[in-house]
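To keep things clear, I will list the structure first and then write my remarks on it.
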Amino acid sequence: MPGTTTDRLLRAALLLKGLDGGAELLAGAALALVGPRELGELAQRVVAHHLLGSPRGALAERFTAGEAALSSGDRTFAVAYLTLHGVLKLGLVVALLCELRPAYPVAIGVLAVFVGYEAYRAARTGSSVLWAAAALDLVVTVLVVREYRRLRAGPPRPAGSPRRPRRGTS
């Protein structure tokens, strides 16, 4: 990825996606290793120490409800979702940073699914955070499409060779 503004934006977005994927992978692993009792104790400490605001506030109640759902039966789904989502994101980020051409259409498709799902969930729940996530993923998708077009316009780079500078830049 050469040094244009678009390229720097894409690299920054990919690094953020990579951090997000790593956090999801770690959260999935931690959730798999922590038992329901420990999870409940952690939730009680977080709420009791007002780390989410008032213990009777909406955020604390949602946090407690989420912990209860994870402790009861949604745990396996959450572990699988977080782990697979994290691995998928990290794999795509690495592939895109290495400019592996076959990864671009896959990344575009995966991001399109993310945008669609986030928009669907945002519309159903009224979540402004999900609308923001969908908008961010849409911007990342546009950046990935632009980079893929740039790569396709030039000759293929042999494996292991250094990246070629873009014409008109040094």
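Be aware that the sequence shown starts at 4, since it is given in the numbering used here, and climbs by one per residue.
The beta carbon of each residue, even a glycine, is placed where N, CA and C say it ideally should be.
For threonine 7, no alpha helix (DSSP H) run applies, since DSSP gives it neither H nor E. By the CB criterion at 8 angstroms, valine 50 and proline 39 fall outside the cutoff.
The Cβ atoms of leucine 154 and glutamate 102 lie closer than 8 angstroms to each other. By the CB criterion at 8 angstroms, leucine 42 and glutamate 64 fall outside the cutoff. Here the C-alpha atom of leucine 34 lies approximately 44 angstroms from the C-alpha atom of alanine 156.
Taking all protein chains in view, the Cβ of phenylalanine 117 is crowded by 16 or more other Cβ atoms within 10 Å, so the residue is classified as buried. Contact between valine 109 and leucine 95 holds: CB atoms are separated by about 7 angstroms, below the 8 angstroms threshold.
Bounds of the alpha helix (DSSP H) holding glycine 119 are 106-128. With fewer than 16 other Cβ atoms inside 10 Å of its own Cβ, glutamate 44 counts as exposed.
Distance from the CA atom of tyrosine 107 to the CA atom of threonine 86, rounded to whole angstroms, is 22 angstroms. For the 8 angstroms CB-CB criterion, glycine 89 and glycine 6 do not form a contact. Straight across, the Cα-Cα distance linking valine 97 with glycine 60 is about 40 angstroms.
Aspartate 10 has its alpha-carbon roughly 8 angstroms from the corresponding atom of leucine 146. Its Cα nearest to that of lysine 92, the residue Val143 stands out among Glu150, Val143, Tyr151 and Arg152.
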